[in-house]
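Presented below is the structure to which this report refers.
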Amino acid sequence: MKPKELQRRASAVAAAVKADILAQAAAIEKRAERMGFAPRGSRYQDPGEIARGARRLYQRAVLRMRYRDIADDEHLENDKSASEQAIGQTINEWAELLGVELPKV
């Protein structure tokens, strides 16, 4: 087989494989949407936000810390303070998303 013919066939196979992969991905996305899945919000794509949310949930669910104590802890760590209400909202959102039962503190 001549190099040009080989190149043409390889390109055709690559194009067919690419089209098939894209079609499969689109079908998977549609199926996920029908099942209720949605793309993550922008705040769940930032590694810093993910770490903060996970830490807050851990402090509440495992260490049984109060929202005020979590806020104080964050303020000491990074000199930024979030309100108890904002911290509670984040913790409750994460707990609901992940199916974590929160203790009464």
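Quick note: the sequence shown uses the working numbering, first residue 3, plus one each step. We put the beta carbon where it would ideally sit given N, CA and C, even for glycine.
From the options, pick the residue whose C-alpha is nearest to that of residue i; which is it?
{"i": "residue 83", "options": "73, 91, 90", "result": "73"}
When the Cα atoms are used, what is the spatial distance from residue i to residue j?
{"i": "residue 99", "j": "residue 78", "result": "28 angstroms"}
{"i": "residue 105", "j": "residue 49", "result": "26 angstroms"}
{"i": "residue 57", "j": "residue 8", "result": "55 angstroms"}
{"i": "residue 21", "j": "residue 35", "result": "21 angstroms"}
{"i": "residue 90", "j": "residue 52", "result": "15 angstroms"}
{"i": "residue 28", "j": "residue 18", "result": "15 angstroms"}
{"i": "residue 41", "j": "residue 4", "result": "47 angstroms"}
{"i": "residue 26", "j": "residue 13", "result": "20 angstroms"}
Between residue i and residue j, is the Cβ-Cβ spacing less than 8 angstroms?
{"i": "residue 70", "j": "residue 86", "result": "yes"}
{"i": "residue 107", "j": "residue 68", "result": "yes"}
{"i": "residue 96", "j": "residue 38", "result": "no"}
{"i": "residue 93", "j": "residue 62", "result": "yes"}
For residue i, count the other beta carbons within 10 Å of its own beta carbon; 16 or more makes it buried, fewer makes it exposed. Which is it?
{"i": "residue 59", "result": "buried"}
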